[in-house]
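Numbering (the numbering used here), first residue to last: 19 to 186. Note that beta-carbon positions come from the ideal geometry of N, C-alpha and C, so glycine has one too. Here the structure comes first, spelled out in structure tokens, and everything after it is commentary.
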């Protein structure tokens, strides 16, 4: 690639981390009728929802020229009835992201039929998800292209860029 067309990578402005809880005891569910309060704030927080983790965000600090200490940004829920209460062939993973105040941000849902077709064609198990966000009405599909045993795994997806353009 010519030097004039080389793509430069700038500084990282935001870093997100996730922490999945190993027990059912965590701060989001403490308190009298706390789960009912979360359900009243968003229709996306369903009756079968279980809080399984938290999201932290580190933002760019210009004076220090690095990403600062991560702060709590929200939490993750799992729809238990779609995962635990179904037969093996009917199970699907549905995970939702909420901010600290309980507003819905995004949903990631497993696409089982697409996984079957991809896995059959590739002769190895591959995953496929769709992501819905509160920012736009476009469904983003995330597909695993290659499963890594020695090498890394490859996923393909697109992002909505400036002025509604797609970026792969």
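With a threshold of 16 other CB atoms inside 10 Å of the CB of residue i, please say whether the residue is buried or exposed.
i           : result
residue 144 : buried
residue 93  : buried
residue 81  : exposed
residue 116 : buried
residue 91  : buried
residue 109 : exposed
residue 112 : buried
In the DSSP output, what is residue i paired with across the bridge?
i           : result
residue 78  : 85
residue 164 : 172
residue 70  : Paired residue(s): none; residue 70 is not in a bridge.
residue 32  : 77
residue 159 : 148
Can you list, in chain order, the residues of its chain whose CB lies under 6 Å from that of residue i, leaving out five sequence neighbours each side?
i           : result
residue 163 : 172, 174
residue 36  : 71, 73
residue 142 : 165
residue 151 : 124
Near residue i, which residues of its chain fall below 8 Å by C-beta distance, leaving aside the five closest residues on each side in sequence?
i           : result
residue 32  : 75, 76, 77, 78, 85
residue 148 : 126, 127, 129, 157, 158, 159, 160
residue 38  : 70, 71, 94
residue 146 : 128, 129, 132, 133, 136, 159, 160, 161, 162
Ignore the nearest five residues each way along the sequence and tell me which others in residue i's own chain have a CB closer than 7 Å to its CB.
i          : result
residue 66 : 97, 98, 99
residue 87 : 76
Can you list, in chain order, the stretches of the alpha helix (DSSP H) that have 4 or more residues and sit fully within the region 87-148? 98-101, 130-140
At least three beta-carbon pairs within less than 8 Å, the region 116-124 to the region 59-68: yes
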